[in-house]
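A quick write-up on the structure given underneath.
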DNA sequence: TCATGTATAATTGTATACAATAAAACATCT
DNA sequence: AGATGTTTTATTGTATACAATTATACATGA
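This is the structure:
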């Protein structure tokens, strides 16, 4: 089990607070709540059938995950992401994903490598069919396997958080079938470099993969989406 | 004002919760609480003269800052940092500090550059005198100026968090006068590269600076401190 | 009409009471 | 003595009451 899963379990998904946290997190990431929308404690509580206490505690966590911002005595607002933020995130990810791929080359287990291979082959099928939903799922899984395989919980935590952050933007910039195919080919190359034990190449390809993903976003109108927002 | 400061103010230092949060954070970082020590809600509350509610909310935030770990229905425990964690942090920091220095070269203001220069010259004095306390303060400031100057709040947030994390270890690995002098010389080189507008060199030197800092820690017995802990 | 002040309502902040869970102490049996 | 089961205690989880703060609606005057 990856420490990603562990982290979310430690967050106690069976307590009311944990349920509120997970639910709000999902709703924010899926775009149910608009950016800058205010979240009212009682409204959320009533919707989920709980009192304000667990809601408030969930808010504190969501704030530090960067999903909402709490202004004292005022309220909780869904965090806005600017185009500049997206650019910075991909810049940081390109470096860290490269680092992760390098470490994964040295620490990956047989099982993980097999799952990577399976992932790539399965994704090739869905990519050719244009099954975007499955592609998103497989893409997430591919990267999380690497996060787990790098054997660094510090790095894994960072990458998981960024990956989640980026999921919000994916909802807005539509991914094309062409990019799906290209992306999976990049996954295959990374997987093969790792399988061959070539850490340098794995790092280079993973970094490149991020840059390509970002450039694709820009091409698909990333800046159009955010053009009304301040560029900080 | 750097967004570091902003962040901590948003965390509402005048509310009871904010005071509890800041106080506990400081106490954990300063080493008042041992690693793996359990923090009891009522005990903390009584010590600070507040009820459990603000304490609990502060706990949730401390958990996501990685300073404590909360186990549902059990308790809150001060997070342990292993030698492997320290190694990983420095590996990540070496990359991100380099990135930051590169961006800072392009975005730094006149005022910030001047403060960097002043910092380096003042630190040279304190380094020669062996004033370790002032050195720590100046070192913190030097890096935070760069975090601010890179003009990326995503990157700044990351680096600030890591920098804080590392502060806990600094309490344990004593810094020598020699390292203080060497470190400040590295700061000077970075500053000069930025002043000269040489982004490549600034990045290279900042990365090197982190690697040197880490190697110095290892030399000063980093692994001895943590030898009793599991290496994950 | 607009600005200003005041009263009202809505919302967050904190304390506290009670419920649920886990830990500890104790008793009992073999 | 040691293992096991039960009671007691301590601690966390949640709901709710009240206080403090902020936002809104309204009234008043220029």
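Residue numbers (UniProt numbering), protein chains in the order written: chain A, 1 to 232; chain B, 1 to 232. For each residue, glycine too, the CB sits at the ideal point set by N, CA and C. Quantities reported herein were computed from a predicted structural model and do not represent experimental measurements.
Whole-number beta carbon distance between residue j and residue i, since they are thought to touch under 8 Å
i, j, result
"residue 214 of chain B", "residue 90 of chain B", "4 Å"
"residue 101 of chain A", "residue 28 of chain A", "The pair is not a contact, with the Cβ atoms about 29 Å apart (cut-off 8 Å)."
"residue 113 of chain A", "residue 62 of chain A", "Not a contact, Cβ separation roughly 35 Å."
"residue 31 of chain A", "residue 168 of chain A", "7 Å"
Cβ shell of residue i (< 7 Å), same chain only, five flanking positions each side left out
i, result
"residue 150 of chain A", "100, 103, 104, 107 and 156"
"residue 56 of chain B", "41"
"residue 51 of chain A", "45"
"residue 152 of chain A", "103"
"residue 197 of chain A", "105"
"residue 117 of chain B", "191"
"residue 58 of chain B", "17, 20, 21 and 24"
Beta carbon of residue i nearer than 8 Å to that of residue j
i, j, result
"residue 126 of chain B", "residue 134 of chain B", "yes"
"residue 78 of chain B", "residue 14 of chain B", "no"
"residue 188 of chain B", "residue 120 of chain B", "yes"
"residue 163 of chain B", "residue 186 of chain B", "no"
"residue 60 of chain B", "residue 60 of chain A", "yes"
Which listed residue (the options) has its alpha carbon closest to that of residue i
i, options, result
"residue 17 of chain A", "A:148, A:53 and A:43", "A:53"
"residue 37 of chain A", "A:80, A:47 and A:20", "A:80"
"residue 179 of chain B", "B:47, B:212, B:205 and B:75", "B:212"
"residue 43 of chain A", "A:162, A:136, A:20 and A:146", "A:20"
"residue 123 of chain A", "A:207, A:137 and A:219", "A:137"
"residue 69 of chain B", "B:35, B:96, B:218 and B:185", "B:35"
"residue 74 of chain B", "B:98, B:39 and B:110", "B:39"
"residue 176 of chain B", "B:84, B:86, B:218 and B:83", "B:218"
"residue 161 of chain B", "A:154, A:165, A:71 and A:163", "A:154"
"residue 194 of chain A", "A:72, A:110, A:87 and A:85", "A:110"
"residue 140 of chain A", "A:129, A:198, A:85 and A:165", "A:165"
"residue 76 of chain A", "A:183, A:128 and A:64", "A:64"
"residue 129 of chain B", "B:181, B:159 and B:83", "B:181"
"residue 131 of chain B", "B:158, B:86, B:184 and B:85", "B:184"
Own chain, CB closer than 8 Å to residue i, minus 5 neighbours either side, in chain order
i, result
"residue 237 of chain B", "With chain B represented from 1 up to 232, any question about residue 237 of chain B goes unanswered, as that position is not in the structure."
"residue 95 of chain A", "207"
"residue 71 of chain A", "77"
"residue 159 of chain B", "93, 96, 97, 100, 143 and 147"
"residue 87 of chain A", "214"
Same chain, Cβ closer than 6 Å to residue i, five either side skipped, listed in chain order
i, result
"residue 98 of chain A", "203, 206 and 207"
"residue 173 of chain A", "217, 220 and 222"
"residue 115 of chain A", "145"
Could I get the ranges of all uninterrupted alpha helix (DSSP H) runs contained in the region 9-33 of chain A, with 4 residues as the minimum, in chain order? 16-29
Return the chain-ordered ranges of every beta strand (DSSP E) run that is complete within the region 47-87 of chain B and spans a minimum of 3 residues. 68-71 and 75-78
Scan the region 130-161 of chain B and note each continuous alpha helix (DSSP H) run of 4 residues or more that stays entirely inside, going in chain order. 132-149
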